[in-house]
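Inspection log for the structure reproduced underneath, given as structure tokens.
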Amino acid sequence: MGFYAEHVVPRIINVACATGEAKVLRRRVCAGLAGEVLEIGFGSGHNIPFYPPAVTHVAAIDPSGIGWKLAAKRLNATTTPVERAGLDGQSLPFADASFDAALSTWTLCTIPDAGAALREVRRVLKPGAALHFVEHGLAPDERVRRWQRRLDPLEQRVFAGCHLTRPIPDLLTAAGFSVTELDVFYERGAPKFLAADSLGIAVSP
């Protein structure tokens, strides 16, 4: 990664992802997590305050060393053991069926091959385990989609590969997950083209 992507973008995202609305959604998506949890796209640890007490360990996956440093205060404040366990969601360093649950928050937009990452998540989840997700992606309305398609190249340049037009539910089902809960909505307080969110649970057979 270049200097901008490695040092500047994580700091921008650290601030942008700390809004009150984001906290509400993080609380929702983390509800019900338990046991050994894989978190892809750990970033700067904004989910840490919302891990339920039933979570016994979190394996954090993220390429950004700056993000891990920015998470220091949140890591020091939690009693949940969190380990930086890998850099690439597309190639996870774990055995099959290792985890009780997985968590992904505004991550699939940026992973170069989101399908490969989801297949890896499914591989390391125990049968019947769930991926809890909240992601922005392709909007439900065609008028907004047109703006997303126009702005997607700029978004990728400004935010180090972030895509506006990924169809999140379709990516999950294509990777073999069964989407058992899904809420599609526009996040309050943000432009619609940036904030077409999908929040839910996808189960690994």
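Offset between the sequence shown (1-based) and my numbering: plus 2. Note that CB positions come from ideal geometry on N, CA and C, so glycine has one too.
Ordered along the chain, which non-local residues of its own chain (more than five positions away) have a Cβ less than 6 Å from that of residue i?
i: T112; result: G163, C164
i: E85; result: A61
i: I170; result: E137, G139, S200
i: R76; result: G47, I50
i: T80; result: I50
i: V26; result: none
i: F96; result: V126
i: E157; result: C164, L166
Using only CA atoms, which one of the options lies nearest to residue i?
i: P83; options: E38, R124, A176, C32; result: E38
i: A36; options: H134, A177, A118, S46; result: H134
i: G117; options: A197, F44, T175; result: T175
i: F101; options: T21, K75, A132, K71; result: A132
i: E23; options: V205, D98, Y188; result: Y188
i: T107; options: T81, E8, A197, G191; result: A197
i: D115; options: Q158, A204, G91, S180; result: G91
i: P193; options: T80, S180, L173, R147; result: R147
i: R190; options: S206, T21, R151; result: T21
i: G178; options: R151, P155, S206, D154; result: S206
i: A204; options: A56, D185, V181; result: V181
i: W70; options: R124, T58, I15; result: I15
i: G67; options: F5, R28, R124; result: F5
Given that a residue counts as buried once 16 or more other Cβ atoms are within 10 Å of its Cβ, and exposed if not, what is residue i?
i: E144; result: exposed
i: V126; result: buried
i: E214; result: The requested residue 214 does not occur in the structure, where the chain is confined to residues 3 to 207.
i: E41; result: buried
i: D64; result: buried
i: A74; result: exposed
i: R159; result: exposed
i: F44; result: buried
i: F195; result: buried
i: L72; result: buried
i: L89; result: exposed
i: A56; result: exposed
Using the DSSP secondary-structure output, state which residues sit across from residue i in a beta bridge.
i: V39; result: V60, A103
i: D185; result: L201
i: S180; result: V205
Keeping to the same chain, check which residues put their C-beta closer than 8 Å to that of residue i; ignore five residues upstream and five downstream.
i: C32; result: N49, F52, Y53, P54, L105, H134
i: D154; result: H165, L166, T167
In its own chain, which residues sit with a C-beta less than 7 Å from the C-beta of residue i, not counting the 5 before and 5 after it?
i: R30; result: L201
i: K128; result: A99, F101, D102
i: L173; result: L110, A116, G117, L120
i: D185; result: L201, G202
i: V123; result: L40, I42, A104, L133
* Starting from the N-terminal side, write out each stretch of the alpha helix (DSSP H) that is 4 residues or longer and does not extend beyond the region 68-151. => 74-79, 116-126
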